[in-house]
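Read in the working numbering, the sequence shown has 1467 at position 558, and its numbers run on one by one without any break.
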Amino acid sequence: MKKKLVAMTLVLAMAGTTLAGCGGSKSSDSKDGPTLSAEDADKDLDYTYGEDETFHSDEAVKYSMMYSDHENYPYNEDWLLWKAIEEKTNVTFDLTIVARTDYNDKVSASVNSGSAPYIIPKTYDSTAYEDSGQIVPISDWVQYMPNYQKCVKDWGMEDDLQQILASNGKYYRLPGMWETTAGGYSLAIRKDVFEAAGVDLSNESSWTWDDFYEALKKVKEYTKADYVWSDGFGFGSTMNIAATVYNVTGGYSNDGGDWGLKDGTKFDFDKGEFYFADTTDEYKEYLTMFHKMYEDGLIDPETFTQDTTQAQAKFFRGDSYVLNMNYQIYSDIQNGKMQVDGAELYFLTPPAGSAGQLKVSSAAGRLENGIMITQNALDELGEEGFIKMLRFIDWLWYSDEGQTLCLWGVEGETYTKDDDGNIVLNSDIYYNGINPGAEKQLNVDYGFGNGVFAYGGSKELQYSKFSDGEKEWNERINASKEDIQLKPPILADEMQKEEMNLVKTPLMDYVNTAALEFITGKRDLDKDWDAYVKDCENKGSQKYVDEANEIYQDTKDLLK
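Have a look at this one:
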């Protein structure tokens, strides 16, 4: 049965866009938008689609797509994933397969040359492509995508979607969307060592960073070690975690890039304006906390220069007792990587800072990486064929059925359901800490749980992939932390972006360098602080904020 869709304009109204009944209006940076009404788009279909209905094309269809090939689960043309998608939908892919490490460069080259495939998943930021004319402003088209619209409406995603708007009030990638925030990075500790040192972990979910500092001192006194904590990711991830709860920005490293340094701005919701956070008293307090850890010999001096593999090796062999990671890494470590007999690990909830007990994972909202659609798809498929492709994407990436398929595979072949309807992965398959030691892996051997397809979904689906330990960790966080209010985006146009980047890049390079120097004592937080603040002003911190506030005042009506 061909299912008809009642057009929903929720997202478009939020984004400040308007559809014409025929002949969509042109914007200065994109080609014509859609011309078909919802009713006309449903006439004479050769496919089924709809909210919670399986997409299926009467005739076989193939869509071109970029594919980010992950070294931990390399592409296999024989994966059950491909067969399952084809059997459900009658759709296959013409893949451009690119190594994960080269993916962003390949995307840039193909988009800039106008030769990009129709579908570009695994896109974290579309900003660089929004003015190219090669990427479709997809917010003009989402009214044709019922499962996507359902997620937006049911989960209240309007504020989150504002985070990816361009200066024209449109957005250019279909983001993965989560019903709730969960996961993220935190600190794993050697529980056996901390408890032997007299640290009480029963109340760790209420710890501040100062409480964590006191715990580290006890461990150092007990172990007599040269250092307690040798961190990975160049300390960038840890600096970001702490910066979030001090209401500042921080965290950039060669190993991982920009963890949270960004542009140094925060938003004062009472005053309705941006300010530069990385010269405030809170920022000085944040740096002081890490500096005293370093000065007291708690942090390994090699932390800032070693790669993550070296940091992990120290933790595995018992030379250090704290390490930054996400829960998947934490699960993998417990699957036989520790080299110390009797080592017992514990995953901390991120400590609080001067801004309070905040949920770090909520700082970036509930959006994941997502999908860009190229102008080539619209030009070559035509409007009706383009809408058909969008409805396939809508099913695969945004319906509960499609998301479950991409994450868990085929019921009866890779998983079953218990009497309560919970997904139970087959016992001979390992995934994300579930069934450690199993002979097969869900992503490696079957292609499911694959980062190109498996992101976004309901809380139920999200928690289905958590081991009991990860569920318990998230429950600790949810019980003790508060969500962070998302700051409004700075909707700069192309020229404004260029001008602001000319200030931001050298300014934040300086801020990051100075932060590491303050932490390690190369600069004195008392004697050199005023000079640092003055240097930031000379490098344009106030100029940047003034420009941000001017843009905000000019564009804030788009955010209503």
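Using N, Cα and C, we set each Cβ at its ideal position, and we do this for glycine too. Fair warning: this is a prediction, and the values are worked out from it, not measured in the lab.
- Bounds of the beta strand (DSSP E) holding arginine 1099 are 1094 to 1099.
- Restricted to the segment 1176 to 1243, the beta strand (DSSP E) segments that are unbroken, complete and at least 3 residues in length are 1182 to 1185 and 1231 to 1235, listed in chain order.
- Counting only runs of 4+ residues, the alpha helix (DSSP H) found wholly inside the segment 1326 to 1375 occupies 1368 to 1373, in chain order.
- The residue from Asn1458, Thr1132 and Ser1162 with its alpha-carbon nearest to that of serine 1146 is Ser1162.
- Contact annotation: proline 1026 and tyrosine 1081 have beta-carbon atoms that are not nearer than 8 Å.
- The beta carbon of arginine 1385 lies closer than 6 Å to those of Ser1114 and Thr1258 in the same chain, with the five residues before and after it left out.
- One thing to note: serine 1035 has its Cβ no nearer than 8 Å to the Cβ of aspartate 1003.
- The segment 1197 to 1204 and the segment 1113 to 1131 touch, with no fewer than 3 CB-CB distances between them shorter than 8 Å.
- For the segment 1064 to 1131, the full-length beta strand (DSSP E) segments reaching 3 residues or more read 1083 to 1086 and 1094 to 1099 along the chain.
- Among the bridge pairs identified by DSSP, lysine 971 is matched with Thr1001.
- Short of 7 Å from the beta carbon of asparagine 1233, and not among the five residues preceding or following it, lie these beta carbons of its own chain, in chain order: Tyr1094, Leu1096, Asp1140, Gly1141, Phe1142, Ser1146 and Thr1147.
- Rounded to the nearest whole angstrom, the CA to CA distance from asparagine 1335 to aspartate 1328 is 15 Å.
- Within the same chain, Ser1076 and Leu1400 come within 7 Å of threonine 1464 by CB-CB distance, once the 5 residues on both sides are set aside.
- For alanine 1261, the number of other beta carbons within 10 angstroms of its own is at least 16, and it is reported as buried.
- Assignment of beta-bridge partners to threonine 1032 by DSSP yields Gly1279.
- Residue state for tryptophan 1138 is assigned as strand, using DSSP reduced to three classes.
- Taking C-beta separations shorter than 6 Å and ignoring five residues to either side along the sequence, the partners of glycine 1165 in its chain run Phe1142 and Gly1145, following chain order.
- Closest in C-alpha terms to glycine 1366, from the list Thr1090, Ala1220, Pro1415 and Asn1341, comes Thr1090.
- Spatial neighbours of tryptophan 991 in its own chain (CB-CB distance under 8 Å, excluding positions within 5 residues in sequence) are listed in chain order as Thr1001, Phe1002 and Gly1356.
- When Ser1263, Leu1254 and Pro1398 are compared, the shortest CA-CA separation from valine 1102 is found for Leu1254.
- By the beta-carbon neighbour count (other beta carbons within 10 angstroms, threshold 16), threonine 1212 is buried.
- Bounds of the alpha helix (DSSP H) holding phenylalanine 1427 are 1403 to 1429.
- Annotation for serine 1308: Asp961 and Asn1056 place their beta carbon closer than 7 Å to its own, counting only its chain and skipping 5 residues before and after.
- Annotation: tyrosine 958 is outside any beta strand (DSSP E) and is labelled neither H nor E by DSSP.
- Three or more beta-carbon pairs separated by less than 8 Å link the segment 1454 to 1462 to the segment 1175 to 1183, which places the two stretches in contact.
- Within the model, the alpha-carbon separation for lysine 1133 versus glycine 1206 is close to 11 Å.
- Beyond the five residues adjoining it in sequence on each side, aspartate 1303 comes within less than 6 Å, by CB distance, of Met1054, Asn1056 and Tyr1057 in the same chain, given in chain order.
- Sixteen is the threshold: when 16 or more other Cβ atoms of the shown chains lie within 10 Å of the Cβ of threonine 1188, as they do, the residue is buried.
- Going by C-alpha positions, glutamate 1191 is about 19 Å away from lysine 1390.
- For tyrosine 1255, the enclosing beta strand (DSSP E) starts and ends at 1254 to 1256.
- C-alpha of tyrosine 1441 to C-alpha of proline 1397: approximately 28 Å in a straight line.
- Tyrosine 1340 places its beta carbon 8 Å or farther from that of asparagine 1359.
- A buried status is given to valine 1007, since no fewer than 16 other beta-carbon atoms sit within 10 Å of its beta-carbon.
- With distances taken between CA atoms, serine 977 lies nearest to Ile1029 out of Asp1392, Val1157, Ile1029 and Tyr956.
- In the three-state scheme derived from DSSP, where H, G and I count as helix and E and B as strand, isoleucine 1044 is classed as strand.
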